[in-house]
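Undergrad:
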Amino acid sequence: MNSAAANDGAPRPGAFATTRWSLILSGADSKGAEKETRAALAELCRIYWRPIFAFISRRGYSAEDAEDLTQDFFVMILEGDWLQHADPSRGRFRSLLLKSLQNFLNDAVDKTYARKRGGDVSFVSWDAWMAEAPSQLSISTETLNSWPAERLFDVRWAATVVERALRRLREECERKGRLRVFDVLSAYLTAERDDVSSVNLATTLGVPQATVKKLLYHMRQRYRWLLRDEVAHTVENPADIEDELRYLCSALAASSE
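For the sequence shown, the numbering used here begins at 3 and goes up steadily by one.
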């Protein structure tokens, strides 16, 4: 993901009218919408568990303790009154979750933390999480030890957005019988024009250069739309999508420097 992804392929107006986060905020004070609201919140937690785990690990917890605390944090989010204290004016799920996570860990340090795993919270097992969405982002041990936990959280969050968008694009291509096209062209979705050899790609796919250019153009447009769609589910106001996407683009770009 680069800055181009934040400027091209804009979705049509109103395309992101209802998102998970806007649904959660609008239903926070509504008893009738409690089940739907909780399901949407649980889905966001399931999607973005990796940044939370990374943040906790960077704060000095062992892998085992970080796993437990990640699960416990979700229990607190889903079973407590977190939604009632969420400030809609801050708008972004990422920001609210990070602040809540910081407070949660401070509480775990300041007090004797009694774990409350259980209730009717139904998360998949840790192994299932890892198998379902293995991260393609590799961060060296040296980098992990030097970055602040907040930076690591944002980079992992950005990587999750990118990986989900790519996974959705791959699934769409597979349904259309174009998995081979995805496998060949996906590496060039954010590449600069000069870095793309349509001659070589045409030879690899066995199609004319004009077809390669058309396929790559449409794949890029769809990828950028999917990126926006993923981000849209974590902001209340559609006007915040571009700013959030640019922020995540810059976070991910900085991670490769």
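Glycine is no exception: its CB is placed at the ideal position from the N, C-alpha and C atoms. As the structure is a prediction and not an experimental result, all values here were calculated from the model.
1) Please return the same chain residues whose Cβ sits closer than 7 Å to the Cβ of K216, not counting the five positions on each side in sequence.
2) My understanding is that L228 touches L171, with C-beta atoms under 8 Å, so please give their C-beta distance in whole angstroms.
3) Between which two residues does the alpha helix (DSSP H) holding L250 run?
4) With a 10 Å radius around its C-beta and 16 neighbouring C-beta atoms as the bar for buried, classify E152 as buried or exposed.
5) Taking the alpha helix (DSSP H) that A44 falls in, what are its first and last residues?
6) Count the other CB atoms within 10 Å of the CB of E232; is the residue buried (16 or more) or exposed (fewer)?
7) For A56, which option in T143, E66, R158, E45 has the closest C-alpha, if you only look at C-alpha atoms?
8) Could you compute how far the alpha carbon of T206 sits from the alpha carbon of V186?
9) Would you list, in sequence order, the uninterrupted alpha helix (DSSP H) runs of no fewer than 4 residues that lie entirely inside the segment 189–217?
10) Any idea if S246 is buried or exposed, counting beta-carbon neighbours within 10 angstroms, 16 or more meaning buried?
11) Tell me where the alpha helix (DSSP H) around T143 begins and ends.
12) Please classify A133 as buried or exposed, where buried requires at least 16 neighbouring CB atoms within 10 angstroms.
13) From which residue to which residue does the alpha helix (DSSP H) around R177 run?
14) Ordered along the chain, which non-local residues of its own chain (more than five positions away) have a Cβ less than 7 Å from that of I54?
15) From what residue to what residue does the alpha helix (DSSP H) around R182 run?
16) Would you mind sorting S124 into buried or exposed? The rule is 16 or more other CB atoms within 10 Å of its CB.
17) Quick check on DSSP: helix, strand or coil for F95?
18) Is the distance from the Cβ of L98 to the Cβ of A160 below 8 Å?
19) Pull up the CB-CB distance for A44 and L100, whole angstroms please, since I reckon it's below 8 Å.
20) Measuring alpha carbon to alpha carbon, tell me which residue in R230, A68, N239, H235 is nearest R248.
21) May I ask which residues mark the beginning and end of the alpha helix (DSSP H) holding E66?
22) Report yes if the CB atom of R166 is closer than 8 Å to the CB atom of I243, and no otherwise.
TA: According to the structure shown:
1) none
2) 6 Å
3) 243–257
4) exposed
5) 36–49
6) buried
7) R158
8) 8 Å
9) 200–207
10) In the sequence under discussion, the amino acid at residue 246 is Glu, which differs from the Ser named in the question. The residue is buried, with at least 16 neighbouring Cβ atoms inside 10 Å.
11) 143–148
12) Reliability fails at A133, whose pLDDT of 47 lies under 50, so the model's placement of it is uncertain and no value is given.
13) 151–177
14) T72, F75, L103
15) 181–187
16) Low local confidence applies: a pLDDT of 43 at S124 is under 50, so the model's placement there is unreliable, and no value is given.
17) helix
18) no
19) In fact, because the Cβ distance is near 18 Å, the residues do not count as touching under 8 Å.
20) R230
21) 65–81
22) no
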